[in-house]
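Engineer: Before I ask anything, here is the structure I am working with.
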């Protein structure tokens with residue numbers, strides 16, 4: 832809870848979408864990418880040293896790829912999942 836509760840929910844949903852992709856379940860992944868975007872869209876970019884705008888773009892791109900894949904398939908066999916980094920942290 833608190834002012835950053837939805838931010839953390841969004842990050843968890845974003846990560847969970849990739850778990851579904853690992854299990855070759857693109858439809859549930861798509862739902863989680865959309866849910867993550869809805870939670871994260873409430874926050875400015877950057878927020879807590881994360882580039883929220885970039886995460887939103889990634890959620891959209893990966894969600895569209897999952898949707899195009901349909902019911903089954905291994906999206907992660909075609910491309911590696913993204914790595915998120917903190918802004919201003921070396």
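Residue numbers (our numbering): 832 to 921. Idealized CB from N, CA, C, for every residue including glycine.
Please tell me whether residue 845 and residue 894 are closer than 8 Å, where the distance is taken between their beta carbons.
Structural biologist: In this structure, residue 894 does not lie closer than 8 Å to residue 845 by Cβ.
Engineer: Within the chosen definition, does the region 868 to 879 reach the region 846 to 860 through at least 3 CB pairs nearer than 8 Å?
Structural biologist: Judged by Cβ distances under 8 Å, the region 868 to 879 makes no contact with the region 846 to 860, as fewer than three pairs qualify.
Engineer: Considering residue 851, what are the terminal residues of the alpha helix (DSSP H) in which it resides?
Structural biologist: Per DSSP, residue 851 belongs to the alpha helix (DSSP H) from 836 to 853.
Engineer: Have a look at the DSSP bridge pairing and note the partners of residue 878.
Structural biologist: Beta-bridge pairing links residue 878 to 881.
Engineer: Where does residue 913 fall in DSSP's three states?
Structural biologist: Here residue 913 sits in coil by DSSP.
Engineer: Near residue 883, which residues of its chain fall below 6 Å by C-beta distance, leaving aside the five closest residues on each side in sequence?
Structural biologist: Hits under 6 Å: 871, 874 and 876.
Engineer: Evaluate residue 880 with the Cβ neighbour count: other Cβ atoms within 10 Å of its Cβ, from every protein chain shown; 16 or more gives buried, anything less gives exposed.
Structural biologist: Residue 880 comes out exposed.
Engineer: Check each candidate in 837, 887 and 860 and name the one with the smallest Cα separation from residue 904.
Structural biologist: For the residues 837, 887 and 860, the minimum Cα distance to residue 904 belongs to 860.
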